[in-house]
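Contents: one structure, followed by commentary.
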Amino acid sequence: MYNLDPMLLEYLARPHEPTPETRFREEYERARADSRRQHDELVDPERRNAARLLRERLIVNIGRFLARPS
35 MYNLDPMLLE
45 YLARPHEPTP
55 ETRFREEYER
65 ARADSRRQHD
75 ELVDPERRNA
85 ARLLRERLIV
95 NIGRFLARPS
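Just so you know, the sequence shown maps onto residues 35 to 104 in my numbering.
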(Lines of atoms letter the chains of each structure in order from A; the text may use other names.)
(Lines give C-alpha, C1' and ligand atoms only; values in the text may rest on other atoms or scores of the structure.)
Protein backbone atom coordinates (compact mmCIF):
# COMPACT_ATOMS: atom_id res chain seq x y z
CA MET A 35 0.00 0.00 0.00
CA TYR A 36 1.08 3.58 -0.54
CA ASN A 37 2.52 5.74 2.23
CA LEU A 38 0.01 8.59 2.51
CA ASP A 39 1.50 10.19 5.61
CA PRO A 40 0.11 13.77 5.72
CA MET A 41 3.48 15.17 6.85
CA LEU A 42 5.20 13.54 3.88
CA LEU A 43 2.62 14.94 1.46
CA GLU A 44 3.01 18.40 3.00
CA TYR A 45 6.78 18.15 2.58
CA LEU A 46 6.45 17.07 -1.05
CA ALA A 47 4.00 19.86 -1.86
CA ARG A 48 6.25 22.59 -0.41
CA PRO A 49 8.46 24.55 -2.83
CA HIS A 50 12.11 23.62 -2.39
CA GLU A 51 15.37 25.47 -2.79
CA PRO A 52 17.19 24.47 -5.98
CA THR A 53 20.16 22.19 -5.54
CA PRO A 54 23.61 23.81 -5.69
CA GLU A 55 24.17 22.23 -9.11
CA THR A 56 20.95 23.72 -10.47
CA ARG A 57 21.74 27.12 -8.97
CA PHE A 58 25.27 27.00 -10.46
CA ARG A 59 23.91 26.03 -13.88
CA GLU A 60 21.40 28.93 -13.81
CA GLU A 61 24.05 31.45 -12.74
CA TYR A 62 26.46 30.11 -15.37
CA GLU A 63 23.86 30.47 -18.13
CA ARG A 64 22.97 33.99 -16.92
CA ALA A 65 26.65 35.01 -16.94
CA ARG A 66 27.14 33.58 -20.44
CA ALA A 67 24.14 35.55 -21.69
CA ASP A 68 25.54 38.72 -20.07
CA SER A 69 28.96 38.21 -21.66
CA ARG A 70 27.31 37.62 -25.05
CA ARG A 71 25.36 40.86 -24.61
CA GLN A 72 28.55 42.75 -23.67
CA HIS A 73 30.26 41.33 -26.77
CA ASP A 74 27.38 42.59 -28.91
CA GLU A 75 27.77 46.05 -27.37
CA LEU A 76 31.50 46.03 -28.14
CA VAL A 77 30.80 45.29 -31.81
CA ASP A 78 29.67 48.94 -32.01
CA PRO A 79 32.58 50.55 -33.98
CA GLU A 80 32.70 53.65 -31.78
CA ARG A 81 33.01 51.60 -28.59
CA ARG A 82 35.52 49.25 -30.21
CA ASN A 83 37.67 52.22 -31.25
CA ALA A 84 37.46 53.69 -27.74
CA ALA A 85 38.56 50.36 -26.26
CA ARG A 86 41.50 50.19 -28.70
CA LEU A 87 42.64 53.71 -27.78
CA LEU A 88 42.36 52.89 -24.09
CA ARG A 89 44.46 49.73 -24.56
CA GLU A 90 47.11 51.66 -26.49
CA ARG A 91 47.29 54.36 -23.82
CA LEU A 92 47.59 51.74 -21.10
CA ILE A 93 50.45 50.01 -22.94
CA VAL A 94 52.26 53.35 -23.40
CA ASN A 95 51.87 54.16 -19.70
CA ILE A 96 53.21 50.75 -18.67
CA GLY A 97 56.17 51.23 -21.04
CA ARG A 98 56.90 54.65 -19.54
CA PHE A 99 56.70 53.22 -16.03
CA LEU A 100 59.11 50.39 -16.86
CA ALA A 101 61.53 52.70 -18.73
CA ARG A 102 61.90 55.26 -15.93
CA PRO A 103 65.23 55.34 -14.14
CA SER A 104 65.30 53.39 -10.91
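Ideal Cβ placement from N, Cα and C applies to all residues, glycine included.
All of these numbers come straight from a predicted model, not from anything done at the bench.
With H, G and I counted as helix, E and B as strand and the rest as coil, what does DSSP make of Asp39? coil
Can the beta-carbon of Pro52 be found closer than 9 Å to that of Glu60? yes
Going by DSSP, what residue range makes up the alpha helix (DSSP H) through Glu51? Where Glu51 is concerned, there is no enclosing alpha helix (DSSP H), given that its DSSP letter is neither H nor E.
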